[in-house]
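Participant: Mapping of the sequence shown onto the numbering used here: position 39 corresponds to residue 92, and the numbering continues sequentially without gaps. For each residue, glycine too, the CB sits at the ideal point set by N, CA and C. Quick one: the structure is below, and I'll ask about it shortly.
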Amino acid sequence: MPNCTIQSVSSIDARFALPAGAGTDSVHTTSQYCMAVTRLATDKQMSGTGIALTLGDGNRLVCDAIDMLARPLAGMEIDELMSNFGNFSRRLADDPSLRWLGPHKGVVHLALASITNACFDLWAKSRGVPLWKLLLDLTPEEVVATLDLSYVEDALNEDDALAILRANAATRSEREPILQSGYPGYDTSVGWMAYDDRKVRELTERAIDRGFCAFKLKVGSADESRDLRRAAMLREVVGDAGTLMFDANQHWNLPDANRMCRELVRFKPLWIEEPTHPDDVYAHAALSRAIAPVKIAAGEHIPNRILFKNFFHYGGVHFVQADCTRLAGVSEFLTVSLMAKKFGLPVVPHVGDMGQLHQHLVLFNHIALGHEVVFLEHIPHLKEHFVFPAQVSGGFYKTPQAPGASTDLIRTVSEGR
C-alpha cells in the first residue's frame with residue numbers, strides 16, 4: 054500500500070461507565086475507565102489510533118500532554134518516521150520543558166504511550182496487515198531502529214537486541230502454530246474487590262464454563278480475614294488444577310506484604326501481584342527472597358525500561374507485567390521484552406489496553422523472541438467500544454486479522470473534551 058503522510062494530530066478524552074463494582078481494587082475504589090486517545094489524520098483514507106488507560110479526571114491531563122507533545126508529527130511520512138522511530142521517540146521523551154514533569158513517567162509518559170501506539174497502528178494499516186504481522190515481517194535491524202535503548206545499554210545494547218532476534222529466527226516455524234491455536238488468557242474480571250463472595254463464585258464458575266483455567270483475585274482488604282476467606286473460596290471453586298493469582302494493587306508496606314504473602318502462600322498462587330509500592334525495588338527484592346518459591350508479578354505501574362532494568366538486576370520481579378499503555382508504547386514494550394528475554398524472565402502483560410494491542414505483542418514475543426507462552430490477561434468491560442474487539446473463545450485469544458493494532462474506538466463513547 055502507498056505511504057501516507059500525517060496531516061494533523063488530535064486527542065480524545067474518552068470515558069466509559071463500568072458496571073457496579075467492576076474495576077475496583079484495594080486502592081482504586083471508584084474506577085472509571087478512560088482512554089487518552091491519539092488520532093493521526095493522514096492524506097489517505099486511513100488514520101492511526103493510539104490509546105493509554107487512565108482513570109477519571111486524570112485522563113484530561115494526558116490528553117493535554119498529547120496535544121503538546123505530538124506537534125512534531127504533522128507533515129511526517131509514516132514509513133520515514135518509523136524507520137528511525139527510536140531516535141524520534143527519544144526526542145519526544147526528552148522534550149526540554151515537558152521532561153521536567155517526569156522524567157519518563159507520569160502524565161507525559163502516558164501521552165507518549167498513546168502517541169507511539171497511534172504511530173504503530175498507522176504503520177500497520179499503511180502496510181495492510183495486523184500489527185503482529187508487521188512486527189514479524191520486520192528485519193532485526195528494522196525492529197531495533199524502533200527502540201530507544203538509552204539508559205539501559207548496560208543491560209541491553211543494540212548488539213544484544215540484534216543477537217536475540219537473530220538467534221530465534223531459525224526456529225520461528227516451531228512457534229508459529231500459536232497463530233492457529235490462539236494465545237491463552239486468564240480472567241481478571243471475576244475477582245474485583247467490591248464483588249461479594251457469591252458474585253465471585255458465580256462469575257468464576259461461568260468463566261470455567263467458557264474455557265478459562267486461570268483467575269485473578271483482588272486482595273488488600275482493610276479486613277485481612279476477608280482476603281483469606283475469598284482466597285480459600287476461590288481455590289475451592291477452581292480446584293487443584295486451576296491457576297490462581299492474587300493482586301494487592303500496591304496496598305501493603307513491606308512488613309504487611311511479608312505477613313500477608315506468607316498467609317496467601319497456602320492457596321498455591323502462581324504469583325502475588327503488586328504487593329507494595331511499584332517504585333520500591335528494594336522491597337520487591339527483599340520480599341521475593343522471603344516468600345520463595347512463591348513468585349512476584351509487577352509492571353502495571355512500572356513506567357519505564359530503566360526501572361524494569363533495576364527490578365531485573367536485583368531480582369524484584371519474576372513475572373514481567375509490561376504494559377504498552379504505561380510504558381512509552383509499543384517500542385518501549387519491545388525493549389522491556391528483549392531485556393526480559395536476556396534475563397530469562399517471562400512477559401505476562403497487564404492489559405491497560407483491554408488486550409487489544411497486547412494480543413499482537415505476545416505473538417511477536419513468542420514467535421520472534423522465543424518467550425514462553427504463559428497467559429494474557431482478559432478484561433472484557435470495554436469490548437463493545439472497539440471496532441475490532443479482541444475475540445476470546447475457549448479461554449484463548451484468537452489471532453486478530455484486521456489491519457492495524459486493534460485500537461480503533463467506536464465514536465459513541467462519552468468524550469470529556
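Using DSSP's beta-bridge definition, name the partner residues of C314.
Facilitator: DSSP, once it has assigned bridges, lists no residue as partnering C314.
Participant: Per DSSP, what are the beta-bridge partners of W153 in this structure?
Facilitator: Note: W153 sits in no beta bridge, so no partner.
Participant: Quick one: complete beta strand (DSSP E) runs, 3+ long, within the region 276-333?
Facilitator: You should have 296-300 and 324-326.
Participant: In the structure shown, what three-state DSSP assignment does F428 receive?
Facilitator: Correct three-state label for F428: coil.
Participant: Return the chain-ordered ranges of every alpha helix (DSSP H) run that is complete within the region 109-194 and spans a minimum of 4 residues.
Facilitator: Within the region 109-194, the complete alpha helix (DSSP H) runs of at least 4 residues are 111-122, 131-136, 138-146, 159-180 and 184-190.
Participant: Write down the C-beta distance between I463 and F439 rounded to the nearest angstrom, noting that I regard them as a contact closer than 8 Å.
Facilitator: Correct: roughly 7 Å between the Cβ atoms.
Participant: Can you give me the start and stop residues for the alpha helix (DSSP H) that K362 sits inside?
Facilitator: It spans R358 to Y367 - the alpha helix (DSSP H) in which K362 sits, taken as one unbroken run.
Participant: How big is the Cα-Cα spacing for D261 and V291?
Facilitator: First, the amino acid is wrong: residue 261 is Ile here, not Asp. One C-alpha to the other measures close to 8 Å.
Participant: Based on the DSSP output, what are the partners of K348 in its beta bridges?
Facilitator: Per DSSP, W324.
Participant: Judging by CA-CA distance, which residue of I355, M121 and G408 is the nearest neighbour of P149?
Facilitator: Closest by alpha carbon: M121.
Participant: In the structure shown, what three-state DSSP assignment does R263 receive?
Facilitator: Reduced to three states, the DSSP call for R263 is coil.
Participant: Considering only DSSP beta bridges, list what V62 is partnered with.
Facilitator: According to DSSP, V62 bridges with L93.
Participant: Out of P331, L297, A75 and N311, which has the shortest C-alpha to C-alpha gap to Q303?
Facilitator: If we check each option's Cα against that of Q303, P331 comes out closest.
Participant: Within 10 angstroms of the Cβ of K321, are there 16 or more other Cβ atoms? Answer buried if so, exposed if not.
Facilitator: Exposed.
Participant: How many angstroms separate the CA atom of R312 from the CA atom of G457?
Facilitator: In a straight line, the C-alpha of R312 is about 46 Å away from that of G457.
Participant: With H, G and I counted as helix, E and B as strand and the rest as coil, what does DSSP make of G103?
Facilitator: Strand at G103.
Participant: Using alpha carbons as the reference points, say which of T169, R152 and A123 lies closest to F138.
Facilitator: The candidate whose alpha carbon is nearest that of F138 is T169.
Participant: Considering only C-alpha positions, which residue in the set L416, L429, L380 and H434 is nearest to A105?
Facilitator: Answer by Cα proximity: L380.
Participant: Since I believe V272 is in contact with L317 (beta carbons under 8 Å), could you give me their beta-carbon distance rounded to a whole number of angstroms?
Facilitator: Contact holds; Cβ gap of about 7 Å.
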